[in-house]
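Engineer: Residue numbers (UniProt numbering): 1 to 178.
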């Protein structure tokens, strides 16, 4: 290599060394380049997944009550609606759904519904002045446009509140497996 002639890799290394030595300024080209999103974004077309939880406890929900998980943390594919608590399948396939229900002193039963059909159910009981949680998992074939949601049992109204707070949220999630 000729004296004074640097290959591109050496120029890059020199730039990094200078940036580290002098600190990376907030508006520097080096910092901006590092913050760019990769071209092969992880949320590629076809990825469907959601995770939502209740921002507060559901007070004495009663029987046959649709549960609304009003805080959405993940909604790839845009199938989950916070306002209704319903996930509408953007495409058909095999999906996995998981829900967690937390209570304080009393008992409740929840059901995972696909349209009008019951696909899964949980029951939970907590002794006086104690809390408890239960989770359910369902793997199901779902058609495009099917509605998947959680509700309390149709006959057993349950007692007390379904809890959701900083100690642990009541949540609903799902994703397209295949």
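Here a beta-carbon is modelled for each residue, glycine too, at the ideal position from N, C-alpha and C.
Would you call the region 59-72 in contact with the region 120-131, where contact means no fewer than 3 C-beta pairs closer than 8 Å?
Structural biologist: In the pairwise beta carbon analysis, the region 59-72 is classified as not touching the region 120-131: fewer than three pairs are separated by under 8 Å.
Engineer: Under a Cβ-count criterion, where at least 16 other Cβ atoms within 10 Å of its own Cβ denotes burial, should residue 111 be classed as buried or exposed?
Structural biologist: Its Cβ being crowded by 16 or more others within 10 Å, residue 111 is buried.
Engineer: DSSP has residue 160 in a bridge; who is on the other side?
Structural biologist: DSSP, once it has assigned bridges, lists no residue as partnering residue 160.
Engineer: Classify residue 164 as buried or exposed, calling it buried when 16 or more other Cβ atoms lie within 10 Å of its own Cβ.
Structural biologist: buried
Engineer: Is it true that the region 51-61 meets the region 114-121, where meeting means three or more beta-carbon pairs spaced less than 8 Å apart?
Structural biologist: Verdict: no, contact absent.
Engineer: Excluding the 5 residues preceding and the 5 following residue 171 in the sequence, name in chain order all residues of the same chain whose CB lies nearer than 6 Å to its CB.
Structural biologist: 53, 100
Engineer: Does the distance from the C-beta atom of residue 154 to that of residue 64 stay below 7 Å?
Structural biologist: Yes, these two residues count as a Cβ contact at 7 Å.
Engineer: Return the CA-CA distance between residue 91 and residue 129, expressed in angstroms with no decimal places.
Structural biologist: 44 Å
Engineer: CB-CB under 6 Å to residue 137, same chain, minus the five flanking residues each way: which ones, in chain order?
Structural biologist: 98
Engineer: Rounding to the nearest angstrom, what Cα-Cα distance links residue 143 and residue 75 in this structure?
Structural biologist: 18 Å
Engineer: Entirely within the region 46-113 and at least 3 residues each: give me those beta strand (DSSP E) ranges in chain order.
Structural biologist: As far as the region 46-113 is concerned, its whole beta strand (DSSP E) runs of at least 3 residues are 49-53, 71-76, 86-88.
Engineer: Looking at the secondary structure, which residues open and close the beta strand (DSSP E) in which residue 151 lies?
Structural biologist: 147-152
Engineer: Report the rounded CA-to-CA distance for residue 82 versus residue 105, giving the unit in angstroms.
Structural biologist: 27 Å
Engineer: Are the beta-carbon atoms of residue 93 and residue 87 separated by less than 7 Å?
Structural biologist: Taking 7 Å as the Cβ cut-off, residue 93 and residue 87 do not qualify as a contacting pair.
Engineer: Could you name the residues of the same chain whose beta carbon sits closer than 7 Å to that of residue 58, not counting the 5 residues immediately before and after it, in chain order?
Structural biologist: In chain order, 67, 161, 162 place their CB closer than 7 Å to the CB of residue 58, counting only its own chain and leaving out the 5 sequence neighbours on each side.
Engineer: Expressed to the nearest angstrom, what Euclidean distance is found between the alpha-carbon atoms of residue 102 and residue 89?
Structural biologist: 26 Å
Engineer: Grab the span of the beta strand (DSSP E) containing residue 120 for me, first residue to last.
Structural biologist: 117-142
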